[in-house]
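Colleague:
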Amino acid sequence: MATLFIFLFFFAVGYVARCALRPWKPCPHCQGTGRVASRTGRGGHLCHRCDATGLRLRSGRKAWNTYRRLTRDA
Amino acid sequence: MSNDRHEGTGHRPTVPPGWLDPDPDNRTLPFLGRNTSAEPVTAGRPDTDTSSDSPPDGRPDAPASAVVHLSGVRTRRGLPSRDSGTDRRPGGGNNGTTVPAGTGTGPDPDTGPVRTVAGNQPVSVSGTPDRPGDPDRAEGAAEGDAPTPVDPPGTDRTTALDVARRGTRRPVLPAWLLSVAEFRAALRWVAGHYAHTVAFHGVRLPVYAGRLALRSPRGAWRSAFGTVRWIWDLEGVPVRLAAIRREDADTYLKLARQRDARVRARTAVAVVTAVGSVAAFGTSLAVAPTWALWTVGALGLAVFGRIGSPADRPITGPAVVAPQVQRLTADVVVRALGALGLAEINKAVGKGQGITFPAPITRDGPGWRADVDLPFGVTVTDILDRRERLASGLRRPVGCVWPEPAPDAHAGRLVLWVGDLDMARSRPVSWPLVERGTTDLFEPVPFGTDPRGRAVNVPLMYTNVLIGAMPGAGKTFALRVLLLAAALDPTAELNTFELKGSGDLQPLERVSHTYASGPDDGAVTAVMDTLRAAVGDLETRARTLAGLPREVCPENKVTPSLARRRHLGLFPKIIAIDECQELFSHPRHGREAAELCTTIIKRGRALGVILLLATQRPDRDSLPTGVSSNVGVRFALRVMGQIENDMILGTSAYRNGLRASTFTPRDTGIGYLVGAGDDPQITRTAYVDSPTASRIVHRARAARTAAGTLTGHAIGDSPVRPGSGPSVLDDLLTVLPAHRAKEWSETLVERLAELRPDTYTGWTPETLAATLKPYGIDTVQIGRRVNGAVVNRRGIVRAHLAAVAAEHDRQRPAC
Numbered sequence: 005m006a007t008l009f010i011f012l013f014f015f016a017v018g019y020v021a022r023c024a025l026r027p028w029k030p031c032p033h034c035q036g037t038g039r040v041a042s043r044t045g046r047g048g049h050l051c052h053r054c055d056a057t058g059l060r061l062r063s064g065r066k067a068w069n070t071y072r073r074l075t076r077d078a
Numbered sequence: 028m029s030n031d032r033h034e035g036t037g038h039r040p041t042v043p044p045g046w047l048d049p050d051p052d053n054r055t056l057p058f059l060g061r062n063t064s065a066e067p068v069t070a071g072r073p074d075t076d077t078s079s080d081s082p083p084d085g086r087p088d089a090p091a092s093a094v095v096h097l098s099g100v101r102t103r104r105g106l107p108s109r110d111s112g113t114d115r116r117p118g119g120g121n122n123g124t125t126v127p128a129g130t131g132t133g134p135d136p137d138t139g140p141v142r143t144v145a146g147n148q149p150v151s152v153s154g155t156p157d158r159p160g161d162p163d164r165a166e167g168a169a170e171g172d173a174p175t176p177v178d179p180p181g182t183d184r185t186t187a188l189d190v191a192r193r194g195t196r197r198p199v200l201p202a203w204l205l206s207v208a209e210f211r212a213a214l215r216w217v218a219g220h221y222a223h224t225v226a227f228h229g230v231r232l233p234v235y236a237g238r239l240a241l242r243s244p245r246g247a248w249r250s251a252f253g254t255v256r257w258i259w260d261l262e263g264v265p266v267r268l269a270a271i272r273r274e275d276a277d278t279y280l281k282l283a284r285q286r287d288a289r290v291r292a293r294t295a296v297a298v299v300t301a302v303g304s305v306a307a308f309g310t311s312l313a314v315a316p317t318w319a320l321w322t323v324g325a326l327g328l329a330v331f332g333r334i335g336s337p338a339d340r341p342i343t344g345p346a347v348v349a350p351q352v353q354r355l356t357a358d359v360v361v362r363a364l365g366a367l368g369l370a371e372i373n374k375a376v377g378k379g380q381g382i383t384f385p386a387p388i389t390r391d392g393p394g395w396r397a398d399v400d401l402p403f404g405v406t407v408t409d410i411l412d413r414r415e416r417l418a419s420g421l422r423r424p425v426g427c428v429w430p431e432p433a434p435d436a437h438a439g440r441l442v443l444w445v446g447d448l449d450m451a452r453s454r455p456v457s458w459p460l461v462e463r464g465t466t467d468l469f470e471p472v473p474f475g476t477d478p479r480g481r482a483v484n485v486p487l488m489y490t491n492v493l494i495g496a497m498p499g500a501g502k503t504f505a506l507r508v509l510l511l512a513a514a515l516d517p518t519a520e521l522n523t524f525e526l527k528g529s530g531d532l533q534p535l536e537r538v539s540h541t542y543a544s545g546p547d548d549g550a551v552t553a554v555m556d557t558l559r560a561a562v563g564d565l566e567t568r569a570r571t572l573a574g575l576p577r578e579v580c581p582e583n584k585v586t587p588s589l590a591r592r593r594h595l596g597l598f599p600k601i602i603a604i605d606e607c608q609e610l611f612s613h614p615r616h617g618r619e620a621a622e623l624c625t626t627i628i629k630r631g632r633a634l635g636v637i638l639l640l641a642t643q644r645p646d647r648d649s650l651p652t653g654v655s656s657n658v659g660v661r662f663a664l665r666v667m668g669q670i671e672n673d674m675i676l677g678t679s680a681y682r683n684g685l686r687a688s689t690f691t692p693r694d695t696g697i698g699y700l701v702g703a704g705d706d707p708q709i710t711r712t713a714y715v716d717s718p719t720a721s722r723i724v725h726r727a728r729a730a731r732t733a734a735g736t737l738t739g740h741a742i743g744d745s746p747v748r749p750g751s752g753p754s755v756l757d758d759l760l761t762v763l764p765a766h767r768a769k770e771w772s773e774t775l776v777e778r779l780a781e782l783r784p785d786t787y788t789g790w791t792p793e794t795l796a797a798t799l800k801p802y803g804i805d806t807v808q809i810g811r812r813v814n815g816a817v818v819n820r821r822g823i824v825r826a827h828l829a830a831v832a833a834e835h836d837r838q839r840p841a842c
């Protein structure tokens with residue numbers, strides 16, 4: 005149990021550090037390419053989730069932004 | 028309801044044109060004094076001087092008193108007016124150009140002015156074309172009321188040249204470029220200023236160095252951190268964070284790319300610079316001399332110290348602390364005028380109008396000058412009464428606040444000069460003749476300064492001077508300045524009398540032809556003798572002048588060239604009487620003295636006899652009317668009341684705003700000077716104390732000795748009184764100028780006869796030799812080349828004469 009907690013703690017610290025230093029992750033929908041292949045294999049389209057940038061904000065950073073927005077003025 | 032024509036500045040027939048026209052398009056331009064519209068603005072006004080009347084902001088400033096409320100107003104209310112939409116303040120639209128013919132119509136205070144005359148006469152008072160169908164006119168016609176125009180129809184065309192003709196010409200060159208003295212003073216000031224600054228900082232150099240050294244670590248840290256910031260583009264961090272906050276991946280990508288590029292380039296630059304610096308440092312350690320290394324080190328220290336200084340704590344302090352001068356603003360002036368307790372001003376100020384400024388408030392000398400147009404009906408003299416209140420309203424010391432009437436404008440134009448420093452407290456300007464220089468009485472002599480620090484000169488020739496004040500106001504000092512100036516003209520003969528016995532004029536004894544001091548009869552008798560002799564001398568002088576050819580004496584008065592020819596006896600003769608009230612109120616001599624002085628004042632002017640009078644009790648008994656009304660130059664220091672003021676400065680001076688009673692006890696030496704310039708001016712007498720006066724007199728005496736004009740009392744001669752014979756030795760010294768070592772007896776005898784005809788007429792060289800024998804003076808052989816041939820005659824050596832005369836003086840009992 006204690007091991008689990010220690011593991012969770014280090015995991016949390018690592019995730020926070022990740023969110024602080026590298027706020028962006030590759031878009032899971034397009035695997036960071038910005039483009040989504042069609043099912044038929046021909047053509048395809050730009051990824052809507054990341055607006056074709058291939059980058060998405062990590063959930064932790066998003067949560068942090070929301071928290072800031074809610075607690076701070078303006 | 029009284030006619031509003033009589034409001035305002037008496038000579039104008041209408042209220043100022045700035046008010047007359049509510050139409051903004053037709054409004055006169057302030058300052059320019061002409062209207063720019065094609066259509067004549069208002070009712071014909073003979074006087075188009077709008078520059079002084081129209082308020083600077085062009086608002087129609089109409090006092091309430093200018094409003095004419097008449098019956099018939101209501102009849103037009105609500106009718107469409109062509110002036111609708113203009114600024115409608117109560118009374119603002121009154122045109123003041125119509126008077127009612129009967130109880131008819133009048134201008135509507137709400138709807139603006141009526142320019143045309145109501146009624147059936149189609150008379151335009153304004154030059155505006157009659158408009159058929161004008162509702163106002165129709166209304167008036169319906170009522171049958173006919174206001175008659177009061178202003179003559181006329182044009183108000185004013186050209187730029189007309190404006191220029193009324194204006195004053197500013198001097199082409201500033202005063203400091205025209206006067207050598209002022210230029211020198213300005214130059215001296217500038218040099219002194221920079222010398223002081225250099226000395227101030229020079230002394231503090233070690234302090235500055237220490238400060239720089241102490242602050243340099245911080246500067247080094249700042250520089251290092253700044254470099255890091257620059258290399259890693261830390262200033263872009265907030266922008267990138269903002270992009271993250273907005274989840275704007277696209278912008279973030281762009282910013283990140285930009286950052287990468289920057290960091291790459293800047294790192295390269297930094298590396299190159301660092302390597303270069305290290306290399307240079309290493310080489311210079313090996314090559315450069317030690318002093319150069321120290322210099323570079325010191326420079327680096329200075330640079331880091333400078334960078335490490337907090338913004339609010341500079342390395343160096345100011346060498347000169349400028350006095351904090353409160354700006355004089357229009358608001359302050361209006362507030363102060365409103366605090367005077369003058370009902371008219373308060374009424375106008377309460378409405379937020381009435382006090383206007385015809386010219387911007389400017390710096391003028393060491394102070395501010397505001398030209399103020401007071402509300403209608405208020406005169407400058409009303410303000411002068413309340414100088415102290417004005418000072419309180421301006422929040423300045425009384426000595427800073429100098430309200431004056433504008434000499435050539437209307438009675439409501441106030442020139443308010445507010446000095447930075449109290450005039451009585453500011454350092455008096457030293458008299459320009461203290462150290463060197465002589466005067467020429469035919470030119471105005473330096474006397475003092477005006478509140479703005481400019482030199483004030485007083486003419487002495489062809490005029491007389493009256494100085495009056497309360498005891499202790501600086502009267503005798505003022506007189507002494509004039510007398511010192513006169514003493515420095517070697518040709519002038521000084522007769523100095525001081526009837527108080529205080530000895531304030533004592534220094535002048537050594538250059539005075541006659542001198543008496545004391546409150547006793549002896550001094551008065553001496554004055555009387557001199558005055559009688561002077562009146563007698565007037566006859567002589569007049570005869571001399573009359574006998575001169577026209578080309579020598581064109582104006583029948585003494586000229587500089589005539590005054591220089593001493594044998595004519597037309598040299599300037601100064602008779603100064605301090606505390607002259609003692610003379611004029613003398614029980615026995617008073618009446619005669621008054622007559623004599625009046626004669627001298629009236630006739631002596633052109634003949635070079637100048638009377639300087641100073642009194643502390645200027646009333647009818649102690650200052651004869653004939654004297655007080657004929658004097659040219661008057662100087663009134665602090666006096667108690669109106670009567671004294673007017674006795675000195677002339678009748679109605681008080682009413683005209685020249686009020687020496689407004690001076691405070693601290694205003695020593697400050698007074699109104701009338702007659703010296705074009706306009707009366709407040710003048711501060713140059714301060715010359717007694718030791719300085721003695722020094723100046725010493726110089727004057729030297730100049731007189733050199734010119735051979737030292738006479739009378741100054742060389743120990745008793746006053747010329749019946750029964751006491753003048754000394755031959757002194758007379759000889761007089762006629763034998765210092766620059767001639769010796770002179771023929773013949774010549775001397777001639778000159779002696781000129782000097783005192785009744786004593787020496789008929790003397791021969793032999794008489795002279797016989798007279799001088801008892802004194803131990805022998806005549807010597809003097810050879811002179813006359814027309815090529817050497818002529819030998821007997822004569823006298825001045826050195827012998829002077830030695831014997833000095834010995835003789837010592838033995839004589841002191842007077």
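Sequence order for the protein chains is A and B. Heads up: the first sequence runs through residues 5 to 78, numbered per this note's numbering. Heads up: the second sequence runs through residues 28 to 842, numbered per this note's numbering. For every residue, glycine included, the Cβ atom is placed at its ideal position computed from N, Cα and C.
Comparing alpha-carbon positions, which option in Arg644(B), Gln643(B), Ile601(B) lies nearest cysteine 624(B)?
Modeller: Of Arg644(B), Gln643(B), Ile601(B), the residue nearest in Cα terms is Ile601(B).
Colleague: Is tryptophan 444(B) helix, strand or coil when you go by DSSP?
Modeller: Looking at tryptophan 444(B) - three-state DSSP - the assignment turns out to be strand.
Colleague: Among Trp771(B), Leu799(B), His827(B), which has the Cα closest to the Cα of valine 818(B)?
Modeller: It is Trp771(B) whose Cα lies nearest to the Cα of valine 818(B).
Colleague: In chain order, what are the residue ranges of uninterrupted beta strand (DSSP E) at least 3 long that sit wholly in the region 585-642 of chain B?
Modeller: DSSP runs (the beta strand (DSSP E)) wholly in the region 585-642 of chain B: 600-605, 636-642.
Colleague: Taking three-plus beta-carbon pairs below 8 Å as touching, is the region 229-240 of chain B in contact with the region 335-343 of chain B?
Modeller: At 8 Å Cβ cutoff, the stretches touch.
Colleague: Nearest-angstrom Cα distance between leucine 312(B) and valine 348(B)?
Modeller: Straight-line Cα distance between these residues: approximately 45 Å.
Colleague: Using beta carbons (cut-off 8 Å, strictly below), is cysteine 54(A) in contact with chain B?
Modeller: Closer than 8 Å: yes.
Colleague: Excluding the 5 residues flanking proline 517(B) on each side, which residues of the same chain have their C-beta closer than 8 Å to its C-beta?
Modeller: Thr465, Ala727, Ala730, Arg731, Ala733, Ala734, Thr736, listed in sequence order.
Colleague: At a CB distance below 8 Å, what residues from the region 261-287 of chain B approach chain A? Give them in sequence order.
Modeller: Cβ contacts with chain A: Ile271, Arg272, Glu274, Ala276, Asp277, Tyr279, Leu280.
Colleague: Would you call the region 486-493 of chain B in contact with the region 450-463 of chain B, where contact means no fewer than 3 C-beta pairs closer than 8 Å?
Modeller: Because the criterion of three Cβ pairs below 8 Å is not met, the region 486-493 of chain B and the region 450-463 of chain B do not touch.
Colleague: For threonine 80(A), which residues in chain B fall below 7 Å Cβ to Cβ?
Modeller: Shown here, chain A extends from 5 to 78; a query on residue 80(A) therefore has no answer.
Colleague: Contact between the region 541-553 of chain B and the region 516-532 of chain B is defined here as three or more beta-carbon pairs at a separation below 8 Å; is this criterion met?
Modeller: With the cut-off at 8 Å, the region 541-553 of chain B and the region 516-532 of chain B touch.
Colleague: What's the gap between the Cα of glycine 404(B) and the Cα of aspartate 706(B)?
Modeller: When rounded, the distance between both Cα atoms is 24 Å.
Colleague: If we count Cβ pairs, one from each stretch, closer than 8 Å, do we get three or more for the region 535-546 of chain B versus the region 577-595 of chain B?
Modeller: Verdict: no, contact absent.
Colleague: Over what stretch of residues does the beta strand (DSSP E) that includes aspartate 400(B) continue unbroken?
Modeller: It spans 394-400 - the beta strand (DSSP E) in which aspartate 400(B) sits, taken as one unbroken run.
Colleague: Can you tell me which residues form a DSSP beta bridge with tryptophan 28(A)?
Modeller: Answer is Leu61(A), bridged to tryptophan 28(A).
Colleague: Under the three-state reduction of DSSP, which class applies to glycine 475(B): helix, strand or coil?
Modeller: It is a strand residue.
Colleague: Starting from the N-terminal side, write out each stretch of the alpha helix (DSSP H) that is 4 residues or longer and does not extend beyond the region 352-392 of chain B.
Modeller: Runs of the alpha helix (DSSP H) inside the region 352-392 of chain B: 357-365, 370-377.
Colleague: Taking Cβ-Cβ distances below 8 Å as the criterion, which residues of the region 25-54 of chain A are in contact with chain B?
Modeller: Of all residues in the region 25-54 of chain A, Pro27, Trp28, Cys54 have a Cβ within less than 8 Å of some Cβ in chain B.
Colleague: Return helix, strand or coil for threonine 738(B), following the three-state DSSP convention.
Modeller: Reduced to three states, the DSSP call for threonine 738(B) is coil.
Colleague: Quick check: the region 57-65 of chain A against the region 11-30 of chain A, are at least 3 beta-carbon pairs closer than 8 Å?
Modeller: Touching, yes, given that three or more Cβ pairs across the two stretches are closer than 8 Å.
Colleague: Once the 5 residues before and after alanine 768(B) are set aside, which same chain residues still bring their CB inside 8 Å of it?
Modeller: Cβ within range, chain order: Val824, Arg825, Ala826.
Colleague: Could you tell me whether the Cβ of leucine 61(A) comes closer than 8 Å to any Cβ of chain B?
Modeller: At least one chain B Cβ lies under 8 Å of leucine 61(A).
Colleague: What are the start and end residues of the beta strand (DSSP E) that includes tryptophan 429(B)?
Modeller: Taken as a continuous stretch (DSSP letters only), the beta strand (DSSP E) holding tryptophan 429(B) covers 428-432.
Colleague: Taking only the alpha-carbon atoms, compute the straight-line gap between tyrosine 279(B) and arginine 273(B) and give it to the nearest angstrom.
Modeller: Computed Cα separation, rounded: 10 Å.
Colleague: Locate the beta strand (DSSP E) running through glutamate 520(B), then write down its first and last residues.
Modeller: It spans 520-525 - the beta strand (DSSP E) in which glutamate 520(B) sits, taken as one unbroken run.
Colleague: List, in order along the chain, the chain B residues whose C-beta lies closer than 8 Å to that of arginine 65(A)?
Modeller: Ordered by position in chain B, the residues that pass the 8 Å Cβ test against arginine 65(A) are Ile271.
Colleague: Please work out which residues of its chain come closer than 8 Å, Cβ to Cβ, to proline 840(B), disregarding the five sequence neighbours upstream and downstream, and give them in chain order.
Modeller: Unreliable positioning characterises proline 840(B) in this predicted model, as indicated by a pLDDT of 46, which lies under 50. The coordinate reading is nonetheless provided below. Around proline 840(B): no qualifying Cβ.
Colleague: Taking its Cβ as the centre, do 16 or more other Cβ atoms sit within 10 Å of arginine 748(B), making it buried, or is it exposed?
Modeller: Because arginine 748(B) carries a pLDDT of 40, less than 50, the predicted location of this residue cannot be relied on, and no value is offered for it.
Colleague: What's the C-alpha gap between arginine 46(A) and valine 40(A)?
Modeller: Cα-Cα distance, rounded: 11 Å.
Colleague: With a cut-off of 8 Å on the beta carbons, I'd call leucine 640(B) and isoleucine 494(B) a contact; round off their distance for me.
Modeller: Between isoleucine 494(B) and leucine 640(B) the Cβ distance is about 7 Å, and since that is below 8 Å, they are a contact.
Colleague: Is the separation between the beta-carbon of aspartate 756(B) and that of tyrosine 802(B) shorter than 8 Å?
Modeller: One point to set straight first is that residue 756(B) is leucine, not aspartate, in the sequence displayed. In contact: leucine 756(B) and tyrosine 802(B) (Cβ atoms closer than 8 Å).
Colleague: How about proline 455(B) and tyrosine 714(B): are their beta carbons less than 8 Å apart?
Modeller: Yes; because the gap between Cβ atoms is below 8 Å, this pair is in contact.
Colleague: To the nearest angstrom, report how far apart glycine 394(B) and tryptophan 444(B) are at their CA atoms.
Modeller: Each residue's alpha carbon lies about 7 Å from the other.
Colleague: Using the DSSP secondary-structure output, state which residues sit across from serine 544(B) in a beta bridge.
Modeller: Glu525(B), per the DSSP bridge assignment.
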